[in-house]
Every structure is written in structure tokens, then in C-alpha cells.
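Protein chains in written order, with the numbering used here: chain F, 12 to 134; chain G, 12 to 134; chain X, 12 to 134; chain V, 12 to 134. Here is the structure we will look at, set down as C-alpha cells.
There are 4 protein chains.
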Amino acid sequence: MDSMGRRRWAIAEGYIPSQSTGPAPAMTSHETACLLNTGERDAHVELTLFFKDREPAGPYRVTVPARRTLHLRFNDLQEPEPVPRDTDYASVLVSDEPIVVQHTRLDSRQAENALMTTIAFSE
Amino acid sequence: MDSMGRRRWAIAEGYIPSQSTGPAPAMTSHETACLLNTGERDAHVELTLFFKDREPAGPYRVTVPARRTLHLRFNDLQEPEPVPRDTDYASVLVSDEPIVVQHTRLDSRQAENALMTTIAFSE
Amino acid sequence: MDSMGRRRWAIAEGYIPSQSTGPAPAMTSHETACLLNTGERDAHVELTLFFKDREPAGPYRVTVPARRTLHLRFNDLQEPEPVPRDTDYASVLVSDEPIVVQHTRLDSRQAENALMTTIAFSE
Amino acid sequence: MDSMGRRRWAIAEGYIPSQSTGPAPAMTSHETACLLNTGERDAHVELTLFFKDREPAGPYRVTVPARRTLHLRFNDLQEPEPVPRDTDYASVLVSDEPIVVQHTRLDSRQAENALMTTIAFSE
């Protein structure tokens, strides 16, 4: 299949609640960037986090292999630093191959989980 | 009415929980691709699924008749293979006529259902 | 303010649950097309509904006055016919002035409500 | 990082429930415009609110510093006037620098919160 998507994406919302209800890891409150690489070459992605009152963090580096999807939990990012909980952030993803990015949050602060999603902004 | 939309669409998020609460099929946890064909010719759509660690599955073939909408549950796909539950996936839809695609999940793993939706990515 | 937006919009998802929990009308299960007209001329909008297995319904006609927003509940459409409950549908909106369209559902079939939203598809 | 985004954005949905369940401010029912400025210059943003049956309110003025994100709660807007609760509204944001805008609502009218999000409309 031909490659599809764009190389620069932004997600202006970001917030990982420190509290969760229900069995981990499925029901742990989390935010995810779902990355899809439909092309024939691996996509090397650099992710940068933006905050309200400090300099950006990153780049975080992940690879989305050819013809694969990677659902990247922001909760799992460790290098160069973990993502702070209960803190507003935003993210930009720059890839060397076209990809498609969709953002989700599962929020289980209360007994019943809430979900939200959107295709990210690209240009 | 004139045809409207595009021929290539992608949904980077995909995950069908194996657990549900409430009466089937309405409240069964499910993901749906809502397809709209406003034109005067039937749209033949090929859907391909992408995964984290295996080759893509498909194509799955569906037809959206002229001037009709088809809300396709990923749960119902059987040929060439069912969609695995509790597994990250993504999807690409290629149509021979312009269509509009919107993605939804109803998640009823917990007692109260959660919903999310987004217009899919097109180019 | 200058006018902003587009003249043709589509929402591929549509489904009004017949069941609700909580005080009406706020917590009645409903779908809404939020229409924004930032311009200096009233926008006359024709809405057409598409179904799975019958011809489209409409046009429904609404006016969004200059510099106003109209949050149109599909539940309230009566002419030329009400929107059937528990039935898949989709919608197209055609305006004579640029507008912006956002889609929402509040689903209160279960005790706790669920929400979803997306900017509609435009071209 | 290069600047990213657009200068004119619209969110057609707007509604702040007057009721909430759970600890303030995190679980207070709220709507947010998440603004991301990836560029090297501060972004000065003017926000205008549109209503169903009165003239628009604003402009509200906020600054998103260079390389920062601002998650602006509509609940917190005070000048030139607060945002009425339980009232349909819509919003337009005009910036002197490119930004990315994402809209969210956390709705805690009932015991368990609901969430929704979408990238706003830009042109």
C-alpha cells in the first residue's frame, strides 16, 4: 500500500491524571498517540512536549515500522524524562516518513471511565 | 446531491475491548467506521487493518450503496479473518467513489458506557 | 468579523438512542449539529439525512442569523419528518454562506452520560 | 522548532454546565481551548464568543508565550464579561502567530465524568 499521511503533527491537549480506577494497565488513566505507518519504510518519529511554564522536553524517539501501527502511551515515555502527571502539556510529532496520528485519553479518575479522541492536527 | 468526500481514509486508533456491560448488541463494546456515500453510484470500499507486530489483514470488502450510509462495526468483520479483541490496530479505507468516514467507539467495559468519535483522516 | 468556514459539511455518524436517564431536556439522549455563522449575512442551511436502507429525508431548513450560533438538536427536527430513534443515519448540510459545523452526541442510555464530539467534514 | 499551525480557529460547540460532581477545580464541569505555540515569538490571541440570541462578546485577550501551551478554561474568562453557564455558545480565536487549537469539555453533571475533544476548525 502507498504511504499515507503527513510528517508534522500536533496535539494541543495533554493531561495524564495521576488517579485511576480499575485494573492496570487497561483502565489506568492514560493518553495515547496512535501512529500509523502504511508505507514500505520505517518511520522515525521525534516527539517534543510543551508545557505552560517551562521549556519543552524531548525529543523522545520512537520508530513505527513499515506497515505497522504503534499506540504510544505518553505514560510510558521515560527518555529523556517521564511525563509529569496532573500537568497540562501539548505535543508535536515530526516523522521522516508520512504517518497518521490520532490522539486519545482514557480517564478513570472516577469509577466509570471516560474516553475522548481526535485526529491530530497536521500540515 | 453531488458526491462528497474523498477516496482514501485512515483511522489510527483501533481497539475492541473483549468485555462489555449491558444488553447486546447496542451496548456491546464496539468500534465503528461510519461511511457516507452521497453520490449517485455505489461505492466499493476496501478496508485494511494494521497491527503492532504482524502483517496487515485484509482487504475486507464492503459496498456503500448510492445515497446511503453504512455504519460498519469492526466487530462484525469476518472475511478474510475476524478482528482480534483487546488488540491495538489501525485501519485504512480505499473507495472507488468519494465517501466520508467517521470513527466511533462505544466502550462498556465498566458499568457506564463511554463514547468517542472523530472524522477520520483523508487525503 | 469576517465570515469563516465552508458551505458544504458532512457528518457520517448519526444515532439518537430512544432511551435516556436524567432530567429532560438537558440529559435527554441527543445529537446536535452546532452551527456557527461569524459573517454579516444570515446563513440559510439545508440539511439532508441519509439512511442505511431507504432514500434520503429532507431537506430540513434552518437559518443561522448573522453573528450567531445555532446548536441544532436532530431530536427536534419535524419537517418534513422526525428523525427515527435507534436508527443509523448520516447528514449533509449545505449553506448559502460560510459556516462552521461541529457534531456532538450526549448519550444517557445508562445512568451516567457519555459525550462525544468532532468538527464535521467540510470541502 | 518552527512555528506550526494557523491564525484563525473556530469552535462551534460551547456549553458550560452549571452543575458539577467531584472535587474542584479538577472535576468541575468545564470547557477548555488548548492553545499550542511552537514558535519563537509570543502569540497574542483574541477570542470572541457567539451566542444564539445576542451580539457576540469580547474580545477576550490571552497570550501564549513562545514554545508554550496554554489550556484556557472558558470558565475562567472574566474580561470583558464571564461566560454564562447553561448557555449555548461558540468561539473564534484569532492569533497574530500560528497556533494549534484543540477543544475539550469535561462534564461532571452526573456522578461519573464524561469527556469529549476535537481539533478545532482552522482556515
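Even glycine gets a Cβ: it sits at the ideal position worked out from N, Cα and C. Predicted model only: the values in this text are computed from it and were never measured.
query	result
Where G:Asn86 falls: helix, strand or coil (DSSP)	helix
Per DSSP, cross-strand counterpart(s) of V:Ala68	V:Leu60
Distance between X:Met15 and V:Leu104 (C-alpha atoms, nearest Å)	11 Å
Chain-ordered chain X contacts of F:Glu123 [CB-CB under 8 Å]	Glu123
V:Pro155 burial status per 10 Å Cβ neighbour count (16 or more: buried)	Outside the displayed span of chain V (12 to 134) sits residue 155 of chain V, for which this structure offers no information.
Residue range of the unbroken beta strand (DSSP E) whose run includes X:Ile130	125–130
First and last residue of the uninterrupted beta strand (DSSP E) at X:Arg17	17–22
Option nearest V:Pro67 by Cα separation, candidates X:Ser133, X:Thr74, X:Arg79, X:Thr32	X:Arg79
Test: V:Pro67 CB closer than 8 Å to a CB of chain X	yes
X:Thr129 at chain F interface by Cβ criterion, 8 Å	yes
Span of the beta strand (DSSP E), counted from its first residue to its last, around X:Val94	Run containing X:Val94: none; DSSP gives neither H nor E here.
Closer than 7 Å at the beta carbon, the chain G residues around X:Glu134	Met15
DSSP state of X:Pro109 mapped onto helix, strand, coil	strand
CB of G:Ile130 within 8 Å of CB of X:Ala131, strictly	yes
Boundaries of the beta strand (DSSP E) in which G:Ala44 is found, first to last residue	41–48
Residue-chain proximity (X:Arg84, chain V), Cβ-Cβ < 8 Å	no
Residue-chain proximity (F:Thr49, chain G), Cβ-Cβ < 8 Å	yes
Residues that X:Ser102 bridges to, as DSSP identifies them	X:Ile22, X:Leu60
Identity of the residue in X:Tyr71, X:Thr49, X:Leu88 nearest X:His41 by Cα	X:Leu88
Local Cβ density within 10 Å of F:Gln113, reported as buried at 16 or more and exposed below that	buried
Nearest to V:Asp53 (by Cα), restricted to the options V:Pro70, V:Ala37, V:Pro109	V:Pro109
C-alpha distance - F:Asp64 paired with V:Thr49, whole-angstrom precision	13 Å
Between the CA atoms of X:Thr39 and X:Arg120 - distance to the nearest angstrom	9 Å
Per-residue contacts from X:Arg116 into chain G (C-beta, under 7 Å)	Leu126
8 Å Cβ cutoff, F:Leu46 in contact with chain G	yes
G:Gly25 to F:Arg116 span [Cα, whole Å]	13 Å
Best match in V:Val94, V:Arg17, V:Leu83 for proximity to V:Ser133 [C-alpha to C-alpha]	V:Arg17
Proximal chain F residues relative to G:His75, where beta-carbon distance stays under 9 Å	The residue you asked about is not His; residue 75 of chain G is Val in the sequence shown. Neighbours of G:Val75 on chain F: none; closest Cβ ~20 Å, over 9 Å.
C-beta atoms of V:Leu47 and V:Val111 nearer than 8 Å	yes
Contact belief for F:Ser29 with F:Leu60 at Cβ below 8 Å, rounded distance in angstroms	17 Å between Cβ atoms; not a contact.
Closest Cα partner of G:Tyr71 within the set G:Ala23, G:His55, G:Phe62, G:His82	G:His55
Whole-angstrom distance between V:Asn124 and X:Gly33, CA atom to CA atom	14 Å
Inter-residue spacing [alpha-carbon to alpha-carbon] between F:Arg19 and F:Asp107	9 Å
CB contact below 8 Å: X:Asp99 versus chain G	yes
Nearest to V:Arg96 (by Cα), restricted to the options X:Ser31, X:Ala37, X:Glu51	X:Ala37
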